[in-house]
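Peer 1:
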């Protein structure tokens with residue numbers, strides 16, 4: 094009996110040599126328990142060692158292996174071949190990001206934006222260690238826990254047409270993380286983040302396409318974080334106008 | 294911390310095609326939601342003109358209203374109605390995402406928030422319809 098096979102069309106781009114990326118076809122053996130990342134590893138190990146892509150944990154934790162699979166942003170370690178078989182699978186680098194080589198994108202812009210929202214706990218003043226931990230109730234934890242699940246896979250950026258059209262937009266994951274810290278009862282950095290989250294390139298760019306939440310592999314729901322940040326930002330603005338002396 | 298960045302001159306910068314919104318159902322629906330505001334705004338402008346015309350005498354108003362019986366205007370109003378329905382339903386869907394309602398310690402499910410909004414909208418529509426039919 095002949096072996097079942099599957100065709101993958103994979104983006105190839107050699108920097109400094111190719112003017113634009115092209116698609117290269119590879120026919121690989123089909124295994125129902127393989128994911129797209131297994132297929133790429135097969136190609137690299139058995140067929141073409143020059144293929145470049147990022148991956149690490151292979152279990153949906155590290156967020157490294159995000160790529161466009163048949164035009165949808167996916168973690169390739171969680172995209173099973175059986176969900177596409179017998180059709181072809183097209184694997185491309187994450188949309189909206191500059192391409193370094195083959196399937197490897199430049200994530201510098203994302204890293205800058207992530208840092209710009211100050212994703213850490215900011216305190217006006219730290220209490221001495223002798224006074225103990227900053228305690229939280231389960232309800233206080235519940236206010237932001239969902240937004241701590243982000244693995245920085247950037248699928249939400251690849252799904253966001255606003256980021257594709259206006260690359261200055263801070264974007265879903267960074268805003269969701271900023272919101273996560275704003276909602277943390279231990280944090281006092283809302284005002285510091287406001288200039289970025291509520292600023293020119295912040296939440297008001299978002300037109301609520303909602304696709305960021307659809308593709309999020311960890312169900313972080315960045316679209317909700319952005320819309321709620323709009324409410325917070327508008328509230329802050331009204332406070333600054335109506336109660337300039339009452340601003341925290 | 295060392296900040297290593299790739300040589301920008303060697304990167305490939307992808308461009309979004311003008312037809313990006315036709316590539317996926319969600320994007321298409323989003324664009325339809327955005328487009329709906331054009332039809333709703335157009336309808337409102339016509340409605341304001343209609344109110345203005347109502348003060349210009351019975352004959353003049355009747356002549357103005359007569360135009361709306363043409364097939365073109367009927368189609369426009371039907372399309373505007375469909376877009377208004379789409380806009381309203383997607384608005385309630387969006388509201389359910391923005392509003393995180395709590396009853397005690399329990400978060401009210403989004404489907405329930407949307408159902409309450411839709412229910413209130415249907416009731417309000419029936420009251421307005423009844424008011425116009427009765428009067």
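Residue numbers (our numbering), protein chains in the order written: chain A, 94 to 341; chain B, 294 to 428. Yeah, the Cβ is synthetic: ideal placement off N, Cα and C, and Gly gets one too.
Would you decide whether residue 425 (chain B) is buried or exposed? Buried here means 16 or more other CB atoms lie within 10 Å of its CB.
Peer 2: Indexing the second chain from 1 puts residue 425 (chain B) at position 132. The residue in question, residue 425 (chain B), is exposed, as its Cβ has fewer than 16 Cβ neighbours within 10 Å.
Peer 1: Just to make sure I have the definition right: I need the residues of chain A whose C-beta is within less than 7 Å of the C-beta of residue 360 (chain B). Which are they?
Peer 2: Position 67 of the second chain, counted from the start, is the residue given in the question as residue 360 (chain B). In chain order: nothing, as chain A lies at least about 35 Å away.
Peer 1: Of all the options A:130, A:175, A:299 and A:330, which has the alpha carbon lying nearest to the alpha carbon of residue 262 (chain A)?
Peer 2: What you label residue 262 (chain A) is simply residue 169 of the first chain in a count that begins at 1. When each option's Cα is compared against that of residue 262 (chain A), the closest is A:299.
Peer 1: Assuming residue 326 (chain B) and residue 383 (chain B) are in contact, meaning their beta carbons sit under 8 Å apart, how far apart are those beta carbons, in whole angstroms?
Peer 2: Within the second chain, residue 326 (chain B) is the residue found at index 33, counting from 1. Within the second chain, residue 383 (chain B) is the residue found at index 90, counting from 1. Contact flag correct, Cβ pair sits at about 5 Å.
Peer 1: The alpha helix (DSSP H) spanning residue 122 (chain A) covers which residue range?
Peer 2: For the purposes of this step, residue 122 (chain A) is identified with residue 29 of the first chain, where counting begins at 1. Careful: residue 122 (chain A) lies outside any alpha helix (DSSP H), inside the beta strand (DSSP E) at 115–122.
Peer 1: Checking 8 Å against the spacing of the C-beta atoms, do residue 315 (chain B) and residue 321 (chain B) come in under that value?
Peer 2: Reading the second chain from its first residue, position 22 is the one you call residue 315 (chain B). Reading the second chain from its first residue, position 28 is the one you call residue 321 (chain B). Yes, these two residues count as a Cβ contact at 8 Å.
Peer 1: Rounded to the nearest angstrom, how far is the Cβ of residue 280 (chain A) from that of residue 272 (chain A), given a contact under 8 Å?
Peer 2: In the first chain, the residue the question calls residue 280 (chain A) occupies position 187. In the first chain, the residue the question calls residue 272 (chain A) occupies position 179. Rounded, the Cβ-Cβ distance is 11 Å, inconsistent with contact.
Peer 1: Report all residues from its chain with a CB closer than 7 Å to the CB of residue 309 (chain B); omit the five preceding and five following residues, and keep chain order.
Peer 2: Position 16 of the second chain, counting from 1, holds the residue named residue 309 (chain B). Nothing listed; no residue qualifies.
Peer 1: Give me the chain B residues within the contact set of residue 262 (chain A), using Cβ-Cβ distance strictly less than 9 Å, ordered along the chain.
Peer 2: Stepping through the first chain from its first residue, residue 262 (chain A) is reached at position 169. Within chain B, no residue comes near residue 262 (chain A); the closest Cβ sits about 13 Å away, beyond 9 Å.
Peer 1: Give, in chain order, every residue of the stretch 378–391 of chain B whose Cβ lies closer than 7 Å to some Cβ of chain A.
Peer 2: Within the stretch 378–391 of chain B, the qualifying residues are 387, 390 and 391.
Peer 1: Please report the distance separating the alpha-carbon of residue 158 (chain A) from that of residue 172 (chain A).
Peer 2: Taking the first chain and counting its residues from 1, the one referred to as residue 158 (chain A) is at position 65. Taking the first chain and counting its residues from 1, the one referred to as residue 172 (chain A) is at position 79. Cα to Cα, the separation comes out at about 11 Å.
Peer 1: List the whole-angstrom C-beta distance separating residue 215 (chain A) from residue 282 (chain A), where the pair is believed to meet the contact cut-off of C-beta under 8 Å.
Peer 2: In the first chain, the residue the question calls residue 215 (chain A) occupies position 122. In the first chain, the residue the question calls residue 282 (chain A) occupies position 189. Yes, they are in contact, since the Cβ atoms of residue 215 (chain A) and residue 282 (chain A) sit about 3 Å apart, within 8 Å.
Peer 1: Any beta carbon of chain A sitting closer than 8 Å to that of residue 399 (chain B)?
Peer 2: Residue 399 (chain B) sits at position 106 when you count from the first residue of the second chain. Judged by the 8 Å Cβ criterion, residue 399 (chain B) is not in contact with chain A.
Peer 1: Given a threshold of 16 other Cβ atoms within 10 Å of its Cβ, counted over all protein chains shown, does residue 320 (chain A) qualify as buried or as exposed?
Peer 2: By one-based count along the first chain, residue 320 (chain A) stands at place 227. Per the 10 Å Cβ criterion, buried.
Peer 1: Is residue 295 (chain A) close to chain B, meaning its C-beta is less than 8 Å from at least one C-beta of that chain?
Peer 2: The residue labelled residue 295 (chain A) in the question sits at position 202 within the first chain. No, because no Cβ of chain B sits closer than 8 Å to the Cβ of residue 295 (chain A).
Peer 1: Checking the sheet assignment: what are the DSSP bridge partners for residue 173 (chain A)?
Peer 2: Taking the first residue of the first chain as 1, we reach residue 173 (chain A) at position 80. According to DSSP, which records beta bridges pairwise, residue 173 (chain A) is partnered with A:128.
Peer 1: Using a C-beta cutoff of 8 Å, does residue 109 (chain A) count as contacting chain B?
Peer 2: Position 16 of the first chain holds residue 109 (chain A). Yes, because at least one Cβ of chain B sits closer than 8 Å to the Cβ of residue 109 (chain A).
Peer 1: What residues in its chain sit with their C-beta under 8 Å from that of residue 209 (chain A), if we drop five residues either side in the sequence?
Peer 2: Here residue 209 (chain A) is taken as the residue at index 116 of the first chain, counted from 1. Excluding positions up to five away in sequence, the list reads 263, 267 and 289.
Peer 1: So what's residue 98 (chain A) in DSSP terms, helix, strand or just coil?
Peer 2: Numbered from 1 along the first chain, position 5 holds the residue referred to as residue 98 (chain A). Here residue 98 (chain A) sits in strand by DSSP.
Peer 1: Considering only the beta carbon of each residue, do residue 132 (chain A) and residue 174 (chain A) sit closer than 8 Å?
Peer 2: One-based indexing of the first chain puts residue 132 (chain A) at position 39. One-based indexing of the first chain puts residue 174 (chain A) at position 81. In contact: residue 132 (chain A) and residue 174 (chain A) (Cβ atoms closer than 8 Å).
Peer 1: By the 9 Å beta-carbon criterion, what residues does the stretch 299–324 of chain A contribute toward chain B?
Peer 2: Answer in chain order: 300, 301, 302, 303, 304, 306, 307, 314, 316, 317, 320, 321, 323 and 324.
Peer 1: Output, in chain order, the set of chain B residues within a Cβ distance shorter than 7 Å of residue 201 (chain A).
Peer 2: The residue given as residue 201 (chain A) occupies position 108 in the first chain. What residue 201 (chain A) touches in chain B: 298.
Peer 1: At 9 Å on the CB atoms, spell out the chain B contacts of residue 191 (chain A), in chain order.
Peer 2: Within the first chain, numbered from 1, the residue matching residue 191 (chain A) stands at position 98. Chain B residues near residue 191 (chain A): 299, 301, 304, 305, 306 and 307.
Peer 1: Apply the 10 Å Cβ neighbour rule to residue 111 (chain A) and answer buried if 16 or more other Cβ atoms are within range, or exposed otherwise.
Peer 2: Here residue 111 (chain A) is taken as the residue at index 18 of the first chain, counted from 1. Counting Cβ neighbours within 10 Å, residue 111 (chain A) comes out exposed, since fewer than 16 surround it.
Peer 1: Go ahead and pull the three-state DSSP assignment for residue 214 (chain A).
Peer 2: Here residue 214 (chain A) refers to the residue found at position 121 when the first chain is read from its first residue. DSSP places residue 214 (chain A) in coil when its eight states are reduced to three.
Peer 1: Report buried or exposed for residue 341 (chain A), applying the criterion of at least 16 other Cβ atoms within 10 angstroms of its Cβ.
Peer 2: Here residue 341 (chain A) refers to the residue found at position 248 of the first chain. The pLDDT assigned to residue 341 (chain A) is 48, lower than 50, so where the model puts this residue is not dependable; a value taken from the coordinates is nonetheless given after this. It is exposed - the Cβ of residue 341 (chain A) has fewer than 16 other Cβ atoms within 10 Å.
Peer 1: Hey, does residue 179 (chain A) have any beta-carbon neighbour from chain B nearer than 8 Å?
Peer 2: Counted from its first residue, the first chain places residue 179 (chain A) at position 86. So, not an interface residue.
Peer 1: Quick one: what's got a C-beta closer than 7 Å to residue 191 (chain A)'s C-beta in the same chain, skipping five residues either side?
Peer 2: Here the question's residue 191 (chain A) lines up with position 98 in the first chain. These residues qualify, in order along the chain: 198 and 199.
Peer 1: Can you tell me whether residue 106 (chain A) is buried or exposed? The criterion is at least 16 other CB atoms within 10 Å of its CB, across all chains shown.
Peer 2: Along the first chain, read from residue 1 onward, the residue named residue 106 (chain A) stands at position 13. That one is buried.
Peer 1: Between residue 169 (chain A) and the rest of its own chain, which residues show a CB-CB distance below 6 Å, the 5 nearest in sequence each way excluded?
Peer 2: The sequence position of residue 169 (chain A) within the first chain is 76, counting from 1. Excluding sequence neighbours, residue 169 (chain A) sits near 129, 130, 158 and 160.
Peer 1: Quick one: grab the DSSP three-state call for residue 342 (chain A).
Peer 2: Since the first residue of chain A shown is 94 and the last is 341, residue 342 (chain A) is not available in this structure.
Peer 1: Could you pull out every unbroken beta strand (DSSP E) segment of at least 3 residues lying fully inside the stretch 342–401 of chain B, listed in chain order?
Peer 2: Entirely contained in the stretch 342–401 of chain B, not one beta strand (DSSP E) run reaches 3 residues.
Peer 1: Residues of the stretch 341–366 of chain B in Cβ contact with chain A at a cutoff of 9 Å, in chain order, please.
Peer 2: Going along the stretch 341–366 of chain B in chain order, one finds no residue with a Cβ nearer than 9 Å to chain A.
Peer 1: Distance cutoff 8 Å, beta carbons only. Does residue 321 (chain B) sit that close to anything in chain A?
Peer 2: Along the second chain, read from residue 1 onward, the residue named residue 321 (chain B) stands at position 28. No, residue 321 (chain B) does not count as interfacial toward chain A.
Peer 1: Residue 161 (chain A) by DSSP, collapsed to three states: which one?
Peer 2: One-based indexing of the first chain puts residue 161 (chain A) at position 68. Correct three-state label for residue 161 (chain A): strand.
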